[in-house]
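So the working numbering is basically just the index in the sequence shown, starting at one, shifted up by 51. Ideal placement from N, C-alpha and C gives every residue a C-beta, glycine not left out.
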Amino acid sequence: MHELSIVIDLVALCEENLRKNNKNKIEEVHLKIGRLSGVEPHLLKSAYEVYQKDTVCKDAKLIINLQDVVVKCNKCGKESVLNKNEFLCPKCGSNDLEVLDGEDMYLMQLVMS
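Okay, structure coming up:
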């Protein structure tokens with residue numbers, strides 16, 4: 052389960068930000084996870100709940116925002132959100148698409164006190 056290694060790195064990043072900002076506590080951790088990122092949100096949340104107990108994130112709430120797949124058609128130029136894993140332009144039916152969003156995971160915000 053690579054979600055545990057992601058959580059370990061995430062907590063280390065939280066510790067680093069806590070020190071840099073001279074704060075004492077992490078209140079919330081906000082993540083954006085793309086549908087194509089390869090990260091399973093429910094497994095990440097489970098790994099976080101187990102790992103966070105003895106870290107600076109022990110009382111921090113994990114907030115996950117799922118990012119849909121956003122594409123641009125290279126044939127007709129339309130930008131679209133794909134609601135299912137069917138990589139065809141909803142306007143013209145082309146499969147010549149460029150993925151604009153939804154492939155990555157980002158730490159969007161830390162709420163610290």
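Cβ-Cβ distance between residue i and residue j below 8 Å
i	j	result
S164	K109	no
N117	K96	Here residue 117 turns out to be Leu, not Asn, going by the sequence shown. No, the Cβ-Cβ distance between L117 and K96 is not below 8 Å.
E54	L94	yes
D119	G153	yes
L69	L158	no
I59	P92	no
C124	K142	yes
Neighbourhood of residue i by C-beta, 6 Å cutoff - its chain only, sequence neighbours within 5 removed
i	result
V90	I84 and M156
V162	E78 and E79
V150	V122
Own chain partners of residue i with C-beta closer than 8 Å, once the 5 adjacent residues on each side are dropped
i	result
V62	Y102, Q103, T106, V107 and C108
Buried or exposed (CB count within 10 angstroms, at least 16 for buried), residue i
i	result
L82	buried
L133	buried
C127	exposed
Delimiting residues of the beta strand (DSSP E) encompassing residue i
i	result
D152	L148 to D152
L139	L139 -> no beta strand (DSSP E), and no H or E assigned at all.
C124	V120 to C124
Own chain, CB closer than 7 Å to residue i, minus 5 neighbours either side, in chain order
i	result
N146	F138 and L139
K74	M163 and S164
Opening and closing residue of the alpha helix (DSSP H) in which residue i lies
i	result
N73	Neither: N73 is in no alpha helix (DSSP H) and is coded neither H nor E.
3-residue-minimum beta strand (DSSP E) runs that sit fully inside the region 75-112, ordered along the chain: 77-85
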